[in-house]
Amino acid sequence: MMQRHSLKCIFLDLMLPGRSGLEILEDLATYSTPVIAMSGNGDIQMAVNAVKGGAVDFIQNPFRREEILRILAEIPESASRRLPNRLSLDLPGKEPLSYRERQVVRHLVAGLSAKHSAEALGLSHRTVEDHLARIKRKLGAKNLAELIAAVLKKS
Numbered sequence: 000m001m002q003r004h005s006l007k008c009i010f011l012d013l014m015l016p017g018r019s020g021l022e023i024l025e026d027l028a029t030y031s032t033p034v035i036a037m038s039g040n041g042d043i044q045m046a047v048n049a050v051k052g053g054a055v056d057f058i059q060n061p062f063r064r065e066e067i068l069r070i071l072a073e074i075p076e077s078a079s080r081r082l083p084n085r086l087s088l089d090l091p092g093k094e095p096l097s098y099r100e101r102q103v104v105r106h107l108v109a110g111l112s113a114k115h116s117a118e119a120l121g122l123s124h125r126t127v128e129d130h131l132a133r134i135k136r137k138l139g140a141k142n143l144a145e146l147i148a149a150v151l152k153k154s
């Protein structure tokens with residue numbers, strides 16, 4: 000797969016021969032590098048699926064240079080560098096976390112607040128709080144400290 004280097008971001012074409020770009024996006028969940036999904040034959044549903052799958056943005060080919068620069072400028076560089084590369088978030092006996100829930104946990108473990116996590120993920124603060132409530136329920140944690148302790152103990 001990909002070497003672990005300090006990348007600013009990954010551009011991923013979703014229309015690849017042999018394997019879905021959305022599947023590859025899911026595989027990239029263990030990396031802290033933001034992914035920008037793109038396609039020349041994309042539609043609204045593909046864009047929605049890409050963002051739900053964890054892409055920070057979706058662009059349609061052909062794209063303009065200004066569009067790429069805007070997206071790159073919006074990626075919080077300091078946050079992506081601080082994220083743990085690998086966390087084992089599949090805890091035995093616990094309900095599995097969704098891709099987005101795993102992203103939220105990575106940000107929180109890296110020390111970002113819910114507000115900063117929301118900004119980094121392009122979500123509303125309320126959405127991150129909703130994810131956090133589901134994560135705590137799934138992992139059986141009463142508070143954020145218990146959640147982080149459970150994740151770090153497993154990793």
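Residues 0 to 154, numbered by numbering that gives the first Met the number 0, are exactly what the sequence shown covers, in order.
Think of the CB as a built atom: it goes at the ideal place given N, C-alpha and C, for glycine as much as any other residue.
Are the beta-carbon atoms belonging to residue i and residue j less than 9 Å from one another?
| i | j | result |
| --- | --- | --- |
| Leu71 | Val34 | no |
| Glu65 | Ile58 | no |
| Leu113 | Glu128 | The question names Leu, but residue 113 in the sequence shown is Ala. Their beta carbons are under 9 Å apart, which means Ala113 touches Glu128 by this criterion. |
| Met14 | Gly52 | no |
| Thr126 | Ala117 | yes |
I'd like to know if residue i contacts chain B, where contact means its C-beta is closer than 9 Å to some C-beta of that chain.
| i | result |
| --- | --- |
| Leu71 | In summary, chain B is missing from the structure at hand, where a single protein chain is found. |
Going by DSSP in three states, residue i sits in which element: helix, strand or coil?
| i | result |
| --- | --- |
| Glu76 | Only weak support exists for where Glu76 lies, its pLDDT of 49 falling under 50; the value from the coordinates is given anyway. Helix, per DSSP. |
| Ala132 | helix |
| Met14 | coil |
| Asp26 | helix |
| Ala140 | coil |
| Val34 | strand |
Note down, in chain order, each residue of its chain lying with its Cβ closer than 7 Å to the Cβ of residue i, except the 5 sequence neighbours on either side.
| i | result |
| --- | --- |
| Ala140 | Leu146 and Ala149 |
| His130 | Arg99, Glu100 and Val103 |
| Leu68 | none |
Determine the burial state of residue i: buried for a count of at least 16 other Cβ atoms within 10 Å of its Cβ, exposed for fewer.
| i | result |
| --- | --- |
| Ile23 | buried |
| Arg18 | exposed |
| Leu143 | exposed |
| Asn48 | buried |
| Ser123 | exposed |
| Gly20 | buried |
| Ile161 | In the structure as shown, the chain starts at 0 and stops at 154, and residue 161 therefore has no counterpart that could be examined. |
Since residue i and residue j should fall inside the 8 Å C-beta cutoff, what is the C-beta to C-beta distance between them, to a whole number of angstroms?
| i | j | result |
| --- | --- | --- |
| Met37 | Phe62 | 7 Å |
| Leu107 | Lys137 | The Cβ separation is near 14 Å, so there is no contact. |
Between which residues of its own chain and residue i is the CB-CB distance below 6 Å, once the five residues before and five after are set aside?
| i | result |
| --- | --- |
| Asp56 | Ile35 and Ile70 |
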